[in-house]
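Notes for the one structure printed next.
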Amino acid sequence: NNVVDDYAAANVAQRCLDLISKPLELVGRKFTPSCSIGVAHFPDDGADLQTIIKAADTALYAAKDLGKNRYSFYNKALTEKAEYRFKIEQYLREAIEKQQLSLVYQPKIDMKTGSIVGVEALSRWNHPILGQVSPVVFISMAEQIGMIKPLTEWVLKTACKQSVVWSNAGYSSMLMAINISPIHFLDSELVSLIKQVILETGIKPSELELEVTEGVVQTTQDNLTVFEHLKELGILLAIDDFGVGYSSFASLKHLNVDYLKIDKYFIDDILVDNKTKHLVGSMIEMGQNLGHKIVAEGIEKVEQLNLLKELGCDNAQGYLFSKPVSAEQFLVLLSNDSITQGKSDTNAL
Ligand code: C2E
Ligand code: CA
Ligand code: CA
Numbered sequence: 222n223n224v225v226d227d228y229a230a231a232n233v234a235q236r237c238l239d240l241i242s243k244p245l246e247l248v249g250r251k252f253t254p255s256c257s258i259g260v261a262h263f264p265d266d267g268a269d270l271q272t273i274i275k276a277a278d279t280a281l282y283a284a285k286d287l288g289k290n291r292y293s294f295y296n297k298a299l300t301e302k303a304e305y306r307f308k309i310e311q312y313l314r315e316a317i318e319k320q321q322l323s324l325v326y327q328p329k330i331d332m333k334t335g336s337i338v339g340v341e342a343l344s345r346w347n348h349p350i351l352g353q354v355s356p357v358v359f360i361s362m363a364e365q366i367g368m369i370k371p372l373t374e375w376v377l378k379t380a381c382k383q384s385v386v387w388s389n390a391g392y393s394s395m396l397m398a399i400n401i402s403p404i405h406f407l408d409s410e411l412v413s414l415i416k417q418v419i420l421e422t423g424i425k426p427s428e429l430e431l432e433v434t435e436g437v438v439q440t441t442q443d444n445l446t447v448f449e450h451l452k453e454l455g456i457l458l459a460i461d462d463f464g465v466g467y468s469s470f471a472s473l474k475h476l477n478v479d480y481l482k483i484d485k486y487f488i489d490d491i492l493v494d495n496k497t498k499h500l501v502g503s504m505i506e507m508g509q510n511l512g513h514k515i516v517a518e519g520i521e522k523v524e525q526l527n528l529l530k531e532l533g534c535d536n537a538q539g540y541l542f543s544k545p546v547s548a549e550q551f552l553v554l555l556s557n558d559s560i561t562q563g564k565s566d567t568n569a570l
């Protein structure tokens with residue numbers, strides 16, 4: 222059973238309900254029509270016409286029982302799931318306005334010097350009823366409901382303002398990396414949004430980095446143009462989750478990106494699987510030969526760090542150094558310099 226399908230069906234049903242229940246005037250009197258909708262799945266709920274119509278009819282009566290002017294799936298669990306999603310969706314629409322979103326920052330370390338060279342900004346959503354919702358859930362939902370642009374705009378402005386605060390506090394030339402959804406990356410307005418954020422916040426373009434997953438690294442002319450225009454602004458670009466997504470080596474040749482970020486998936490296996498070790502070694506060498514710097518993410522063990530160092534990796538990120546932390550906590554990390562004294566080969570913490 223396809224979750225996206227169920228959700229799409231619920232979405233269509235909800236839109237029908239919304240349209241039908243619009244108040245209207247008939248011979249001078251106001252009416253608010255209502256209806257109930259039953260949803261059945263082919264072939265799960267019935268493999269032939271008669272059975273599936275029967276299932277839809279049963280679902281329709283379930284919808285009426287549940288209080289009319291609503292939809293119901295034949296499979297009750299699906300109704301609950303769809304309702305839960307709609308609820309989150311509704312909450313998400315208000316999240317920015319109600320200031321429920323926040324950012325945490327995870328340091329990136331220079332492997333050679335052991336010092337902090339930048340941070341990645343990661344979004345958090347704390348809802349009064351739902352509690353903490355994982356960014357994996359709410360980012361993909363934001364993409365689906367057309368909220369990713371306002372959300373990214375909020376992230377960009379908040380993170381860049383923060384970066385300027387740190388810079389003014391004496392911690393300059395640190396990179397602020399921000400994740401951009403593939404959908405948004407290819408949006409024609411992204412370049413002007415970035416320009417506007419740079420102007421508004423005063424961040425130096427050379428201190429702003431955008432992380433974008435491999436999905437957009439296909440070499441269509443449109444994609445290449447976005448990359449070029451962004452580079453013209455003087456900002457840095459990174460390919461996120463490198464190695465797990467879809468991208469051809471051919472496309473790397475055309476792209477002017479500064480960093481390749483090797484996915485945690487590889488780092489997890491690097492100590493136990495020789496093939497993975499060779500793969501990572503080759504990625505580092507190839508990437509560097511093509512003029513990219515290499516970041517490894519998700520480093521949790523000193524042994525992983527040491528091996529990656531041996532393989533010549535440039536930058537490191539992971540719980541070994543620090544989990545993503547609030548802006549205040551990050552300032553403590555920076556100021557007590559526990560990471561930045563080059564001790565990372567023996568004890569990174
Ligand atoms: P990502 O961009 O690959 O970010 C790395 C994720 O790995 C983060 O999870 C981070 O907290 C986690 N991580 C870092 N080091 C370690 C480690 O050593 N061990 C383990 N187990 N995990 C580690 P998080 O914050 O839950 O974010 C998940 C994903 O959600 C991100 O993956 C990114 O794709 C997306 N995301 C988060 N914030 C944003 C945002 O503001 N915009 C967009 N478009 N996507 C975002
Ligand atoms: Ca990232
Ligand atoms: Ca990743």
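Note that my numbering has the sequence shown beginning at 222, numbered continuously upward. Each residue gets a CB set at the ideal place from its N, CA and C atoms; glycine is no exception. Model, not experiment: these values are computed from the prediction.
Ligand 2 heavy atom lying under 6 Å from the CB of residue i
i: Asn400; result: yes
i: Glu432; result: yes
i: Asp461; result: yes
Cβ of residue i within 7 Å of any chain D Cβ
i: Ser547; result: Judged by its chain identifiers, the structure shown contains no chain D, having just a single protein chain.
Proximity test, residue i beta-carbon vs ligand 1 heavy atom, cut-off 6 Å
i: Val386; result: no
i: Val376; result: yes
i: Ser556; result: no
i: Gly339; result: no
i: Gly573; result: The first residue shown for the chain is 222 and the last is 570, placing residue 573 beyond what the model contains.
i: Ile309; result: no
i: Pro356; result: yes
i: Ile360; result: yes
i: His254; result: The question names His, but residue 254 is Pro in the sequence shown. Pro254: no, Cβ never under 6 Å from ligand 1.
For residue i, the residue or residues it bridges with in DSSP
i: Met397; result: Val340 and Leu429
i: Asn536; result: Asp331 and Val516
i: Glu410; result: DSSP lists no partner for Glu410.
i: Thr422; result: DSSP lists no partner for Thr422.
i: Arg236; result: Arg236 pairs with nothing; no bridge assigned.
i: Lys251; result: Glu246
i: Thr434; result: Asp461
i: Ile258; result: Tyr292
i: Val357; result: Partner(s): none; Val357 has no beta bridge.
i: Val546; result: Tyr326
Minimum C-alpha distance to residue i - residue among the options
i: Pro356; options: Val385, Trp387 and Leu324; result: Leu324
i: Met368; options: Leu457, Ala316 and Glu518; result: Ala316
i: Ile258; options: Asp266, Ala284, Ser242 and Arg236; result: Ala284
i: Ile337; options: Val516, Gln365, Asn444 and Val376; result: Val516
i: Tyr295; options: Ala231, Pro328 and Leu238; result: Ala231
i: Asn400; options: Thr379, Leu554 and Cys256; result: Thr379
i: Ser427; options: Cys237, Ser394, Asn557 and Thr300; result: Ser394
i: Ser255; options: Ser547, Pro244, Ala261 and Gln327; result: Pro244
i: Leu532; options: Gly519, Leu238, Gly508 and Gln365; result: Gly508
i: Ser503; options: Tyr540, Phe463, Asp479 and Phe542; result: Phe463
i: Met332; options: Phe263, Ser402, Lys514 and Trp375; result: Lys514
i: Ser344; options: Thr334, Leu351 and Gln327; result: Gln327
i: Ala261; options: Ile488, Thr253, Ile273 and Phe252; result: Ile273
i: Ile491; options: Asn477, Val465, Leu476 and Glu524; result: Glu524
i: Ile241; options: Asn290, Lys251 and Glu301; result: Asn290
i: Pro264; options: Ala277, Thr253 and Phe252; result: Ala277
i: Arg314; options: Ile330, Glu301, Thr334 and Gln365; result: Gln365
i: Gly519; options: Gln383, Val354 and Lys329; result: Lys329
i: Leu396; options: Asp227, Ser543, Asn536 and Gly466; result: Asn536
i: Pro349; options: Gln321, Phe359 and Met362; result: Gln321
i: Phe579; options: Gly466, Tyr305 and Ala390; result: Because the chain in this structure spans residues 222 to 570, residue 579 falls outside the shown range and cannot be described.
Length of the line joining the Cα atoms of residue i and residue j
i: Lys474; j: Glu449; result: 13 Å
i: Ala303; j: His499; result: 44 Å
i: Lys416; j: Leu454; result: 7 Å
i: Lys482; j: Gln538; result: 10 Å
i: Ala471; j: Thr441; result: 12 Å
i: Lys522; j: Thr422; result: 37 Å
i: Val233; j: Lys275; result: 20 Å
i: Ser293; j: Thr279; result: 9 Å
i: Asp494; j: Leu526; result: 15 Å
i: Val553; j: Asp286; result: 57 Å
i: Thr446; j: Ile404; result: 15 Å
i: Thr434; j: Phe406; result: 10 Å
i: Ser556; j: Val418; result: 27 Å
i: Gly512; j: Gly339; result: 20 Å
i: Asn444; j: Val412; result: 12 Å
i: Gly267; j: Lys308; result: 29 Å
i: Glu506; j: Asp408; result: 32 Å
i: Val385; j: Ser402; result: 24 Å
i: Asn477; j: Leu377; result: 22 Å
Check: residue i C-beta below 6 Å from any heavy atom of ligand 3
i: Asp535; result: no
i: Lys452; result: no
i: Asp484; result: yes
* Entirely enclosed beta strand (DSSP E) segments - the segment 289-353, minimum 3 residues -> 292-294, 322-331 and 337-348
* Unbroken alpha helix (DSSP H) runs of length 4 or more, entirely within the segment 455-524: which are they? -> 470-475, 485-490 and 495-510
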